[in-house]
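Asker: Using numbering that gives the first Met the number 0, the letters of the sequence shown correspond one by one to residues 0 to 313.
Where is the CB? At the ideal position from N, CA and C, for every residue including glycine.
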Amino acid sequence: MARGKRQWISQDTGSYHIMSRIVGRDQLLGDEDKEKFLELLELFCSGFFVQVHSFCIMDNHFHLLLTGMEDEAATASAEELQFRYKAIFGADSLPPMGSQATGGVILPDLDEGLERLRKRLGSVSRFMQELKQTFSRWFNQKHERSGYLWGDRFKAVLISKDEAELICSAYIDLNPVRAGIVSRPEDYRWCGLGLQARNPARIQKLLTPIDEIISQGNCGWNWYRVFVYESGGIARTHGAKILDEVVDAAIRTHGRLGFGAQLSYRIANISEGIAFGTKGFVSKIQELANRKFNRPRSCLPGELIFATRVLSTG
0 MARGKRQWIS QDTGSYHIMS RIVGRDQLLG DEDKEKFLEL LELFCSGFFV
50 QVHSFCIMDN HFHLLLTGME DEAATASAEE LQFRYKAIFG ADSLPPMGSQ
100 ATGGVILPDL DEGLERLRKR LGSVSRFMQE LKQTFSRWFN QKHERSGYLW
150 GDRFKAVLIS KDEAELICSA YIDLNPVRAG IVSRPEDYRW CGLGLQARNP
200 ARIQKLLTPI DEIISQGNCG WNWYRVFVYE SGGIARTHGA KILDEVVDAA
250 IRTHGRLGFG AQLSYRIANI SEGIAFGTKG FVSKIQELAN RKFNRPRSCL
300 PGELIFATRV LSTG
């Protein structure tokens, strides 16, 4: 049976809930695999004209809520297009400037590949293709396997620019709770709320809040956390729920994570990183371990405690 043609919508009309699942049941993503997928997601978001609003990387599938920014792609300068391409593929990389004809001959574009590059970086489909294929190559090499990793092409559900985005975003953050893996979204490192609890600076670079969160001003993310907890406290036929007392606690604190909660999430670096302490101490250890490229990151508000990037291989 032929696959149906995808439906695409403008950035002002809606966004996409994207999901893709690993082939079969024998391949599961471990901690290091999930961290690599997250790093690649950050990398490709830095170049493609997309805005990611929510994400969750599970053992055998992932979810994204994103908007394709085709208007920005259509008006981007040649300099910005080149900058974005090099952000993904390296400072010395050159984008294709023509099409390949019979015999391997390259027919140069009259505009030196500008429109070709614009269409590439402005395509949600190409963004997903690059993300999934790059991760597949890395995964197969790491695990000494070959063949397809993903079960099928990604699924893209059209989401309207209203409360539907809010509901979809909460659904994505609640995936590990519904699966019975954790009792709170923040307990899971590879979803939006989990990453925000551990590294707010990193999440700010990756995620673009949806309009419903932006409209709440400075308390937007706290307001969103309450919404997620209230949604997660609703019992469903299949899947776990957030305990009523946990939901009540989130409501009482207006969605704010207290100092103790921040400490409990970010203290994981003591066991998951390679160094924990002052910035100078962490920098020195990373230099000695040839990991200087992983900049020390703050674990708590202020300038006192830093750690290496969280990466567990167990």
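Taking residue 316 and residue 256 to be in contact with their CB atoms under 8 Å, please state how far apart those CB atoms are, rounded to whole angstroms.
Answerer: No information on residue 316 is available, as it lies outside the stretch 0 to 313 that the chain covers here.
Asker: Quick check: the region 14–26 against the region 53–63, are there 3 or more CB pairs under 8 Å?
Answerer: Touching, yes.
Asker: In angstroms, rounded to a whole number, what distance separates the CA positions of residue 120 and residue 216?
Answerer: Cα to Cα, the separation comes out at about 31 Å.
Asker: Can you give me the C-alpha to C-alpha distance between residue 160 and residue 212, rounded to a whole angstrom?
Answerer: Roughly 12 Å separates the two Cα atoms.
Asker: What does the alpha-carbon distance come out to for the pair residue 171 and residue 54?
Answerer: So the two alpha carbons sit approximately 6 Å from each other.
Asker: For the region 61–135, list the alpha helix (DSSP H) runs that are entirely contained and at least 4 residues long, ordered along the chain.
Answerer: You should have 69–74, 77–88, 113–120.
Asker: Assuming residue 316 is part of the beta strand (DSSP E), what are its boundary residues?
Answerer: Given a span of 0 to 313 for the chain in the structure shown, any question on residue 316 remains unanswerable.
Asker: Is residue 112 near the ligand ATP, in the sense that its beta carbon is under 7 Å from a heavy atom of that ligand?
Answerer: This structure simply doesn't include the ligand ATP, nor any ligand for that matter.
Asker: First and last residue of the beta strand (DSSP E) that includes residue 55?
Answerer: Taken as a continuous stretch (DSSP letters only), the beta strand (DSSP E) holding residue 55 covers 49–56.
Asker: Any idea if residue 253 is buried or exposed, counting beta-carbon neighbours within 10 angstroms, 16 or more meaning buried?
Answerer: Residue 253 is exposed by the Cβ-count criterion.
Asker: Please determine if the region 228–242 and the region 67–75 are in contact, where contact requires at least 3 C-beta pairs separated by less than 8 Å.
Answerer: Counting Cβ pairs under 8 Å, fewer than three are found: no touch.
Asker: Closest to residue 186 by CA distance: which of 250, 81, 196 is it?
Answerer: Looking at the Cα atoms, 196 is the closest of the given residues.
Asker: If you drop the 5 nearest sequence neighbours on each side, which residues of the same chain put their C-beta closer than 6 Å to that of residue 48?
Answerer: Taken in chain order, the residues that qualify are 68, 71, 72, 120, 121.
Asker: Could you pull out every residue in the same chain whose Cβ sits closer than 6 Å to the Cβ of residue 156, ignoring the five residues on either side in sequence?
Answerer: 16.
Asker: Figure out for me which residue from 11, 36, 27 has the closest Cα to the Cα of residue 189.
Answerer: Nearest option by C-alpha distance: 36.
Asker: Note the first and the last residue of the continuous beta strand (DSSP E) segment covering residue 212.
Answerer: Looking at the DSSP string, residue 212 is not in any beta strand (DSSP E); the run it does join, the alpha helix (DSSP H), is 210–213.
Asker: Leaving aside the five residues before and after residue 44 along the sequence, list all residues of the same chain whose C-beta is less than 7 Å from its C-beta, in chain order.
Answerer: The residues are 51, 205.
Asker: According to DSSP, is residue 28 helix, strand or coil?
Answerer: Residue 28 falls in the coil class under three-state DSSP.
Asker: Indicate the three-state DSSP secondary structure (helix, strand or coil) for residue 168 in the structure shown.
Answerer: Helix at residue 168.
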